[in-house]
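Only one structure is covered here, and it is reproduced in the block below.
Protein chains: 4
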Amino acid sequence: MATLAKSSADGSLADRYRAVRGLSLAVAEPLSDADATIQPMADASPAKWHLAHTTWFFETFLLRDFLPGYAPFDERWSYLFNSYYDGEGDRHPRPRRGMLSRPSLDEIRDYRAHVDGILAAAIDCLPPELIELGLNHEQQHQELMLMDLLATFAENPLRPAVWEALPAVAVGATPEPPRWIRGAEGVVEFGYDGSGFAFDAEGPPHRAILSPHALADRPVTNGEWIAFMEAGGYADPRLWLSDGWGWIQEQSVAAPLYWFEEEGAWHRFGLDGARLVDPDEAVCHISYYEADAFARWAGARLPTEQEWESAARGADPLSGHQLDRAGPARPRPAPRGEGLRDLFGNVWEWTASAFLPYPGFRPAEGTVGEYNGKFMSGQMVLRGGGCATPRGHVRASYRNFFYPHQRWMFAGLRLAKDS
Amino acid sequence: MATLAKSSADGSLADRYRAVRGLSLAVAEPLSDADATIQPMADASPAKWHLAHTTWFFETFLLRDFLPGYAPFDERWSYLFNSYYDGEGDRHPRPRRGMLSRPSLDEIRDYRAHVDGILAAAIDCLPPELIELGLNHEQQHQELMLMDLLATFAENPLRPAVWEALPAVAVGATPEPPRWIRGAEGVVEFGYDGSGFAFDAEGPPHRAILSPHALADRPVTNGEWIAFMEAGGYADPRLWLSDGWGWIQEQSVAAPLYWFEEEGAWHRFGLDGARLVDPDEAVCHISYYEADAFARWAGARLPTEQEWESAARGADPLSGHQLDRAGPARPRPAPRGEGLRDLFGNVWEWTASAFLPYPGFRPAEGTVGEYNGKFMSGQMVLRGGGCATPRGHVRASYRNFFYPHQRWMFAGLRLAKDS
Amino acid sequence: MATLAKSSADGSLADRYRAVRGLSLAVAEPLSDADATIQPMADASPAKWHLAHTTWFFETFLLRDFLPGYAPFDERWSYLFNSYYDGEGDRHPRPRRGMLSRPSLDEIRDYRAHVDGILAAAIDCLPPELIELGLNHEQQHQELMLMDLLATFAENPLRPAVWEALPAVAVGATPEPPRWIRGAEGVVEFGYDGSGFAFDAEGPPHRAILSPHALADRPVTNGEWIAFMEAGGYADPRLWLSDGWGWIQEQSVAAPLYWFEEEGAWHRFGLDGARLVDPDEAVCHISYYEADAFARWAGARLPTEQEWESAARGADPLSGHQLDRAGPARPRPAPRGEGLRDLFGNVWEWTASAFLPYPGFRPAEGTVGEYNGKFMSGQMVLRGGGCATPRGHVRASYRNFFYPHQRWMFAGLRLAKDS
Amino acid sequence: MATLAKSSADGSLADRYRAVRGLSLAVAEPLSDADATIQPMADASPAKWHLAHTTWFFETFLLRDFLPGYAPFDERWSYLFNSYYDGEGDRHPRPRRGMLSRPSLDEIRDYRAHVDGILAAAIDCLPPELIELGLNHEQQHQELMLMDLLATFAENPLRPAVWEALPAVAVGATPEPPRWIRGAEGVVEFGYDGSGFAFDAEGPPHRAILSPHALADRPVTNGEWIAFMEAGGYADPRLWLSDGWGWIQEQSVAAPLYWFEEEGAWHRFGLDGARLVDPDEAVCHISYYEADAFARWAGARLPTEQEWESAARGADPLSGHQLDRAGPARPRPAPRGEGLRDLFGNVWEWTASAFLPYPGFRPAEGTVGEYNGKFMSGQMVLRGGGCATPRGHVRASYRNFFYPHQRWMFAGLRLAKDS
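Residue numbers (our numbering), protein chains in the order written: chain V, 9 to 427; chain H, 9 to 427; chain Z, 9 to 427; chain E, 9 to 427.
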């Protein structure tokens, strides 16, 4: 397992297991069975499915593989709740996940309780690295669950506000233009080399060379994005990658996802319902194509993932922006810069780097090795994380990845330039 | 309204309103909110949507149009629950009906109660013909709701049995080959001319000429269909209409919908779960293309709708097979011939006739005139009705219609031949 | 063969063979090899393919089937030039017909000469009914070839004029409004019962009943169509069949096919290039959906095929409008009413009737029986014919058929009404 | 222009212009007008289009931009023959390029002669860098023309052999297993820094760090590929990237493109017709997904483009394998290793690197800047080149790029491994 996951030492594993598993239930707390059943598009999954799939992961790779004689909660469910592990046999087609009114949300809560009970009792007999992997896996699905719920409720013309909005943050003034922070140059170390948990794709550690460059000290804001729109950014093919230009034509894209114009003003739909777009907040729900076009329009470019990681190493993420164990599971409104000069932890930030293996990368043996490696084509790396990201997943080496047209995740951008 | 609907005289209208509206709720009784939310394909709608749409029909064309000052239960719902009445403005796109976890099933039950209460109180001030139309409309949706629920649960690999099966009917012996009943010849009268309710497309009454012909005295059975399959019926292009052959190739169709082979035997999924195919029952869930190919293989043809109506006039439908007000709302298993010589009321029967207007047909004035006329292209007429059809909808003049490839309704066939 | 084709008595069969086959070559005369290779859409075929397929028909059903020892010109070509006869084995997929630069147009001319030579020498040993069928088949392909060439050149932004325009016809004045001609009522005879050739679907003769009605004495003109467009006809859903409304939305249809607006005036592209729309000509290249919507807008309806046939029986087609053997193969501009009161032979006229078998219809035995019967679903009947229709194919009993959305044929409409 | 193209010094530019332009005509020499008109798929273009588009490039960016008063050969052709330069206005939709039977191949030859005549006369007044760019552009289209013609003729069931096969090369014995050549490590220089022509994306020069690794001394052969197929390589999901597995399922891919099995043996269709697969030749016409899966099956990986370039620097390409000015334009059969230990110039070789900008990359100003930069998303880099590649395009720094599913180019692979 060493190449896949490095075990975490902080806190009792049993405590951590309880906390992470509990947070998933807390996120799902305000949902009806019907809310948790809908699949808004093929890329997304029902909340119920996330709750069951993460449980199936523990049931399969821990209880089944390490507890002799363990009988599955329901042997027919492996077909339903396997995501993409070809090593685990056939599975329900992904685009049909929204067809499952049964099992109900309550039955899936029972499933979770059943697996949690047995795992807690047997925790000392189970490989801690795999438990740690399962918890990190579950945390990824917590964020996916929030993304997918936003996509779900956004399909509803009634625009329901399922979570209360956070209290507004007092802001003194419009953010100043970003300042440019000069980055490191020459040979630099990259990749996770710590002692805690990291996904296999974050390593192995290796060196690369950075050219002279600078990064903006904060992400691009909604106000800046509106300026891009008003300058005709979505209508000028010279700003766009060829694939991106084709995509905005075909999909009639002219604003970030979840934005709509009403009575002359831009609004956005969020997990707290529909609200006016706040010009000071970091722009969110944009595709790679849009991020790239904006950067070109601004006379800048996107940072490479090495430039990003080099700047983030040693820095602390923004506090109080991420999903955590203590507070209510209520997601926060799209994150804002608030005048403060933040480096990361506000929104996922598109980089100019394709999601490809680091030198010497080797996936884990066995089925869990299907975790990251097989997705290494066609996707771009995002760094950072924000309001829907579990706190522990906001770290300098973390590599998130999506296709260039996707934008239902909480993704924005930070500018870079050669210097 | 005279061209659209003729009023019904049997029973108090208020009683009938209560009975019909109650049956819809009874049909939906075993459903969870999630069950009632799923849309299994663009042709079908969620159960919740049927319950709300039929209510919207009464709210819009009765309460809003005839009760001055009536305020809608929720003014945003018209957008959600209008089906296809262009005269009523924009509406939620049909293929996205499964995205609506809100309003919940309980809220829609409240909506029904609200509209029912006001309508009951005001019933004497409202046009009885429109109430009658609304009730017949609701009965159509009761059958659609059952069809759509079957399509929904069929998508679930767990094959849930939501309703109990009916007790098996004792059958003495395999049905004998069908007998041929000679039909009327020459000039015959057609079209609804009674005093009860009928849809506009059932009239006006008119004459047509019938050639010498005969009809089978019962529908084709599952056993006969299996013989067709075993004789290679799905693999011989000479039996098929050109469009039908293209369709079975593209869709890989080789058996009726909801059939599957397991351990060497054909099973079918139904509202009572998965069961062995009963060879004596009428075959069901076949497309027009399949019905037509079977008839060609059998050296026969499908009846025209005039031949069918001529034979059914004066006959009584099979008793005890249809959905009715008295019994449990529980749908029955796919209907069976049971050795008895039945004319109709067992399954919908594909005819050889396109759904086109009768001579002199004229749709009703206003929005309700969009009811039937605008669907008069590309569809074929079915006659009869069965286990999912409300009792009053099984009558000799009733014209049901579907596209030739559709088969999620309870549709079979009866053979005809020239004589 | 009796049910498929009745033999023709006029002129020597050998003369007629030469004339018909020669006309196909004359139609293709101005084409380059490249012109004859392009397939503009799946519904259409390259000119080269038409020339080869009609030859394959004679080679297969005459030379191969009746001349012992006949060796095919090239045995690999049957795969290429069989259209849809499943009885003749596998064939090249229809949508890929435009991929065949080889054989060249010259090679196909050689193929024609080869088959024509042998057939001419052996004509007395071959069944005349099948030769007659082959000639009628070829005539149908002459019209298809012109339709498909128009679709081909319409794809070329240079708008080439491959044929010269006919000299303009002097017209005194704008056509008067159509006059209504009262039709026959009661029991009337239909279907081909003559002694010449007719396709199987034109019979058998039978009786039907006509309600009181009247037909317009001429087709709808371009000027009338422009009035419909200017009145918002393409934007009012109440005028449209549901399928038609979906189709115009999806395809952005707002004018007849091949029309375009330039400098404020409507033009049409035709086989003689791009020209101003002539308001007096019969409107052409419209779908069934459009014809039906126009009729509804005009407070009228489309005639049934029985009404049409009843009026056309005994009448002579317009002279000088059809494709004939004597003149140049040059197609004429879209036909015009010219003030004269014409009944038919100007444009194909959509009827309100689905293409379904007449009572007692039975396709011919063997592969040629695939000719018409297997297309009897989903299509509507057109009657009449015009500038691209070979003269002998303009007769009262002729049933042409297309899907309701198709409009690359020379199709217009004539109004009818109940009276 | 400095960032886009560095001028070439070898030979007179006028001579070189004549030679390159002449080679395009020589490649097209055996084609009929129809051959040159077909577009076999949206990714490919007709030969006629390539001949015209390359001419349009010179006409537009040289004659029009630098010769005052130059009148275009046909002003309507810019719409037809602009490929993707948004700066040059609207253009004919790419998927409809096969609809243009007019202009004819002869007219396009006239167009070429016209432009060539004027350009030759004015060559001293025109910027040599742009001429050089135009020539390199034309050479790219020479290879595309051959790829697209192969795709065209492969659509023809007659499998025409348009070019003669080259004489067979005598081969002593089956190739030995590849030997591993250890690559450079540590900080290495990359990117074009020579004085001849290079495309903008080949620079700027920069440094990167290489990990210890080795490359195979030759590409993978057909015989090795057959071993992969026989070992079930196309049926084992564990070998495939997730996108690749989806792609082979959806497209039913189970062998290289243009391969087919007949009488128990694998054949391939090529520009010299259909032949048995030669096990010693380099495998060709495979996608990135297939290359990646093969490498994983072989316990190896694909090289990065830096590893590849580092090995190729200083090496000479294989002689006699590329398209050149002297010999007949006849393309050679798929290239073979012939036992000799070749480094590159045999087939394009997929690398593990995404096509992204080098540090400091900046596209040229103006419309020609649309050349490479806007394609920098979603594509992978290929290095090398072979039988269809013009000789001067086989150089160590050249970056070719295609989407991971594409395989109509002459693409194979070379293995790499960590060491």
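Glycine included, each C-beta is placed from N, C-alpha and C at the ideal position.
Here the structure is a predicted model, which is why all the values come from computation and not from measurement.
Exercise. Quick one: what's got a C-beta closer than 6 Å to PHE369(Z)'s C-beta in the same chain, skipping five residues either side?
Worked result: In the third sequence, residue 369(Z) corresponds to position 361, counting from 1. Result list for PHE369(Z): empty, nothing under 6 Å.
Exercise. What residues of chain E sit near SER219(V), judged by a beta carbon separation below 8 Å?
Worked result: Locating residue 219(V) in the first sequence gives position 211, counting from the first residue. Within chain E, the residues HIS214, PRO367, GLY368 have their CB atoms less than 8 Å from the CB of SER219(V), given in chain order.
Exercise. How about PRO412(Z) and MET384(Z): do their beta carbons lie closer than 8 Å?
Worked result: Taking the third sequence and counting its residues from 1, one reaches residue 412(Z) at position 404. Taking the third sequence and counting its residues from 1, one reaches residue 384(Z) at position 376. Cβ distance not < 8 Å, so PRO412(Z) and MET384(Z) don't count as in contact.
Exercise. Just how far apart, CA to CA, sit ALA130(H) and PRO136(H)?
Worked result: Position 122 of the second sequence, counted from the first residue, corresponds to residue 130(H). Position 128 of the second sequence, counted from the first residue, corresponds to residue 136(H). Rounded to whole angstroms, ALA130(H) to PRO136(H) spans 11 Å at the Cα level.
Problem set entry | Residue from GLY211(H), SER203(H), ILE126(H) with nearest C-alpha to PRO371(H) | Taking the first residue of the second sequence as 1, we reach residue 371(H) at position 363. From the listed residues GLY211(H), SER203(H), ILE126(H), the smallest Cα separation to PRO371(H) is found for GLY211(H).
For this session: Pick helix, strand or coil for PHE383(V), following the three-state DSSP scheme.
Result: Sequence index remark: in the first sequence, residue 383(V) carries index 375 (1-based). Helix.
Problem set entry | Bridge-paired residues (DSSP) for LEU331(E) | One-based indexing of the fourth sequence puts residue 331(E) at position 323. Answer by DSSP bridge pairing, in chain order: PRO398(E).
Exercise. MET384(Z) touches chain H at which residues, Cβ-Cβ below 7 Å?
Worked result: Within the third sequence, numbered from 1, the residue matching residue 384(Z) stands at position 376. Near MET384(Z) (Cβ distances below 7 Å), the residues of chain H are LEU249.
Exercise. Taking C-beta to C-beta, are PHE81(V) and TYR119(V) nearer than 8 Å?
Worked result: The residue labelled residue 81(V) in the question sits at position 73 within the first sequence. The residue labelled residue 119(V) in the question sits at position 111 within the first sequence. For PHE81(V) and TYR119(V), yes; Cβs fall inside 8 Å.
Problem set entry | beta strand (DSSP E) segments (min. 3 residues) lying fully within the region 283-337 of chain H | Counting only runs of 3 or more, we get nothing.
Exercise. In terms of DSSP beta bridges, what is PHE277(V) paired with?
Worked result: By 1-based counting over the first sequence, the position of residue 277(V) is 269. Paired residue(s): ALA282(V).
Exercise. Taking only beta-carbon atoms, is ILE46(E) less than 8 Å away from chain Z?
Worked result: The residue given as residue 46(E) occupies position 38 in the fourth sequence. Interface residue, yes.
Exercise. In chain order, what residues of the same chain lie with their CB nearer than 7 Å to the CB of ALA282(H), ignoring the 5 residues before and after it?
Worked result: Within the second sequence, numbered from 1, the residue matching residue 282(H) stands at position 274. Same-chain partners within the cutoff: ARG167, HIS275.
For this session: Could you tell me whether the Cβ of LEU310(E) comes closer than 8 Å to any Cβ of chain V?
Result: Numbered from its first residue, the fourth sequence carries residue 310(E) at position 302. For LEU310(E), the answer is no, since every Cβ of chain V falls outside 8 Å of its Cβ.
Exercise. Ends of the beta strand (DSSP E) at ASP426(Z)?
Worked result: The residue labelled residue 426(Z) in the question sits at position 418 within the third sequence. Unbroken beta strand (DSSP E) run through ASP426(Z): 424-426.
For this session: Pull up the distance between the alpha-carbon of HIS223(H) and that of ARG304(H), whole angstroms please.
Result: On the second sequence, residue 223(H) is found 215 positions in, with the first residue counted as 1. On the second sequence, residue 304(H) is found 296 positions in, with the first residue counted as 1. Residue identity check: residue 223(H) is Leu in the sequence provided, not His. Looking at the two C-alpha atoms, the distance is approximately 15 Å.
Problem set entry | Straight-line Cα distance separating ALA404(E) from TRP64(V) | Counted from its first residue, the first sequence places residue 64(V) at position 56. Counted from its first residue, the fourth sequence places residue 404(E) at position 396. Cα-Cα distance, rounded: 50 Å.
For this session: State yes or no: is the beta carbon of GLY95(H) nearer than 8 Å to at least one beta carbon in chain Z?
Result: Here the question's residue 95(H) lines up with position 87 in the second sequence. So, interface residue.
Exercise. Which class does GLY180(Z) belong to by DSSP, given the choice of helix, strand or coil?
Worked result: As a working mapping, residue 180(Z) is identified with position 172 in the third sequence. Caution is warranted here: a pLDDT of 48 is assigned to GLY180(Z), below 50, making its placement in the model unreliable, and the coordinate value is therefore given only provisionally. Of the three classes helix, strand and coil, the one that applies to GLY180(Z) here is coil, per DSSP.
Exercise. What span of residues does the alpha helix (DSSP H) with SER109(E) cover, start to end?
Worked result: On the fourth sequence, position 101 is the one that residue 109(E) refers to. Counting along the chain, SER109(E) falls outside any alpha helix (DSSP H), and DSSP gives it neither H nor E.
For this session: Using a threshold of 8 Å, state whether the C-beta atoms of ALA431(E) and ALA362(V) are closer than that.
Result: Residue 431(E) lies beyond the residue range present for chain E, which begins at 9 and ends at 427; the question has no answer from this structure.
For this session: Go ahead and pull the three-state DSSP assignment for MET49(V).
Result: Here residue 49(V) refers to the residue found at position 41 of the first sequence. Correct three-state label for MET49(V): coil.
For this session: Determine the chain H residues that contact ALA360(Z) at a beta-carbon separation under 8 Å, and present them in chain order.
Result: On the third sequence, residue 360(Z) is found 352 positions in, with the first residue counted as 1. LEU364, PRO365, listed in chain order.
Exercise. Unbroken beta strand (DSSP E) runs of length 3 or more, entirely within the region 163-234 of chain V: which are they?
Worked result: 188-190, 194-198, 214-218, 221-224
For this session: Could you work out which residues of chain Z lie near ASP41(E), taking near to mean beta carbons separated by less than 7 Å?
Result: Taking the fourth sequence and counting its residues from 1, the one referred to as residue 41(E) is at position 33. Chain Z residues near ASP41(E): SER40, ASP41, ALA42.
Exercise. At a CB-CB cut-off below 9 Å, which residues of chain H make contact with TYR438(Z)?
Worked result: There is no way to answer for residue 438(Z), as the model of chain Z reaches only from 9 to 427.
For this session: Might you give, ordered along the chain, the residues of its own chain that have their beta carbon closer than 7 Å to the beta carbon of ALA159(V), omitting 5 neighbours on each side?
Result: Here residue 159(V) is taken as the residue at index 151 of the first sequence, counted from 1. The residues are PRO48, MET49, ALA52, TRP416.
For this session: Would you check if the distance between the CB atom of GLY393(H) and the CB atom of TYR406(H) is smaller than 8 Å?
Result: Here residue 393(H) corresponds to residue number 385 of the second sequence, with the count starting at 1. Here residue 406(H) corresponds to residue number 398 of the second sequence, with the count starting at 1. Going by beta carbons, GLY393(H) and TYR406(H) fall inside the 8 Å limit.
Problem set entry | Proximal chain H residues relative to TYR87(V), where beta-carbon distance stays under 7 Å | As a position in the first sequence, residue 87(V) is number 79, starting the count at 1. Near TYR87(V) (Cβ distances below 7 Å), the residues of chain H are PRO165.
For this session: Could you tell me the distance, in whole angstroms, from the CA atom of CYS395(H) to the CA atom of ALA263(Z)?
Result: Mapped onto the second sequence, residue 395(H) falls at position 387. Mapped onto the third sequence, residue 263(Z) falls at position 255. Rounded to whole angstroms, CYS395(H) to ALA263(Z) spans 47 Å at the Cα level.
Exercise. Can you tell me whether DSSP reads GLU67(H) as helix, strand or coil?
Worked result: The residue labelled residue 67(H) in the question sits at position 59 within the second sequence. GLU67(H) falls in the helix class under three-state DSSP.
Problem set entry | Partners in chain Z for SER109(E), counting only beta-carbon separations shorter than 9 Å | Against the fourth sequence, residue 109(E) aligns to sequence position 101. Here the neighbours are LEU39, SER40, ASP41, ALA42, ASP43, ALA44, THR45, ILE46, THR160, PHE161, ASN164, PRO168.
Problem set entry | Backbone secondary structure at ASN354(E) - three-state DSSP | In the fourth sequence, the residue the question calls residue 354(E) occupies position 346. Reduced to three states, the DSSP call for ASN354(E) is coil.
Problem set entry | Terminal residues of the alpha helix (DSSP H) in which GLY254(H) lies | Along the second sequence, one-based indexing puts residue 254(H) at 246. Note, GLY254(H): alpha helix (DSSP H), 250-259.
Exercise. Excluding the five sequence neighbours on either side, which residues of its own chain have a C-beta within less than 6 Å of the C-beta of ASP426(H), listed in chain order?
Worked result: As a first step, residue 426(H) must be located in the second sequence, where it is residue number 418. So the qualifying residues of the chain are HIS221.
For this session: Could you tell me which residues DSSP puts in a beta bridge with LEU134(Z)?
Result: Numbered from its first residue, the third sequence carries residue 134(Z) at position 126. LEU134(Z) is not bridged to any residue.
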